[in-house]
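Residue numbers for the sequence shown follow my numbering, beginning at 8 and rising by one. No residue lacks a Cβ here, since even glycine has one placed at the ideal position from N, Cα and C.
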Amino acid sequence: MDAHLPTLPWIDTHCHLDAAEFDADRDEVIEDAARAGVAHIVVPAVDTANFDAVRRLAQRMPGGRYALGIHPLASPGAKEAELELLDAALTRAATDARLVAIGEIGLDLFVDELKSDAARAHQEWLFAEQLRLARHHHLPVLLHVRRAQDRVLKALRAHRGVTGIAHAFNGSAQQAGFFVELGFKLGMGGAMTFERALNIRRIASDMPLDALVLETDAPDIAPAWRYKSRNVPAEIPAIGCELAKLRGIAPEVVAAQTAKNAQTILPRL
Ligand SMILES: [Zn+2]
């Protein structure tokens, strides 16, 4: 990371720090992020099997936060019993200040195995049930949306009042507007750093700054300068600087406003 990047309190709103890719050097990755000025890292769960791991990890990191939820890629194995586990875990975490959201949840119609009518219907059921839990537990949601913007928007309209972050936002400008109208923030990360990503870059530069939050999705979605290598949360300031450049404003303004946005949408942050 460049030495001149401002070491302000930045926030990584989406980072899979519990992933096996970090097993060899997780503590170093956490220290690097702290040195780079990343004050908080939100670690979302993907399945009931990693609920304990994300909770423990967030609790031992100085600025650690976590979310519990069942990812659409884990939807085939998720039935009533898994939802009951989630509900119980959320109840137990009701007074845990580090639990900030339900996530990662949503719909994925990109992956072949999830596209059949039956698989899609099952994903939609699981997503709706988790939106219901979000309302019940008064928690925001972290959304995974792949080739399913309109279906996700439809589900959100059926559960008005539930807000959160549309993670790795990759829809159209019009869809971006719909998410924002429903009270959501749009997660901007590595994808925005590629010059050919015209649509995302236009959204990053044109949407009101108070609609955007920063994220890495590490170890995935590495920024252009780390293309095809492992992404890390210490990249947040450089990703924020890219957003500042796209908008023609100072990185300090991006850091302050995106941190404020993250804290507004994830009040326990
Ligand atoms: Zn994710």
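Residue span of the alpha helix (DSSP H) that contains residue i, given as start and end
i, result
"Trp132", "Asp124 to His144"
"Leu93", "Glu87 to Arg99"
"Asp39", "Arg33 to Arg42"
"Ala65", "Phe58 to Arg67"
"Arg203", "Note, Arg203: premise wrong, no alpha helix (DSSP H); not H, not E."
"Phe186", "Ala180 to Glu188"
"Leu253", "Ile243 to Arg254"
"Leu162", "A small fix is needed here, since residue 162 is Ala in this sequence, not Leu. Counting along the chain, the alpha helix (DSSP H) containing Ala162 begins and ends at Gln156 to Arg164."
Residue i - partner residues in DSSP beta bridges
i, result
"Leu150", "Ile112 and Ala173"
"Trp17", "Val45"
"Arg277", "Nothing about residue 277 can be reported from this structure: the residues present for the chain run from 8 to 276 only."
"Val220", "Gly194"
"Pro51", "Ala74"
"Leu106", "Tyr73"
Option in the options with minimal Cα separation from residue i
i, options, result
"Leu15", "Lys267, His78, Met214 and Leu273", "Lys267"
"Arg275", "Asp103, Ala46, Glu28 and Lys235", "Asp103"
"Val148", "Arg99, Gly110, Phe134 and Glu202", "Gly110"
"Lys235", "Asp227, Ala26 and Val50", "Asp227"
"Phe279", "Arg158, Asn206, Ser123 and Leu97", "A question about residue 279 goes unanswered here, because the residues of the chain that appear run from 8 up to 276."
"Leu279", "Arg208, Val45 and Ala52", "Summary: the structure shown does not reach residue 279, with the chain confined to residues 8 through 276, and so no result is reported for it."
"Ala108", "Ala126, Pro79, Leu140 and Glu89", "Leu140"
"Phe201", "Ala100, Trp132, Ile246 and Ala56", "Ile246"
As assigned by DSSP and simplified to three states, the class of residue i
i, result
"Ala10", "Residue placement at Ala10 is poorly supported in this model, since its pLDDT is 48, which falls under 50; the coordinates still yield a value, given next. Of the three classes helix, strand and coil, the one that applies to Ala10 here is coil, per DSSP."
"Ala269", "helix"
"Ala225", "coil"
"Leu80", "helix"
"Pro215", "coil"
"Leu24", "coil"
Host beta strand (DSSP E) of residue i (start-end)
i, result
"Val118", "Val118 -> no beta strand (DSSP E), and no H or E assigned at all."
"Arg72", "Gly71 to Leu75"
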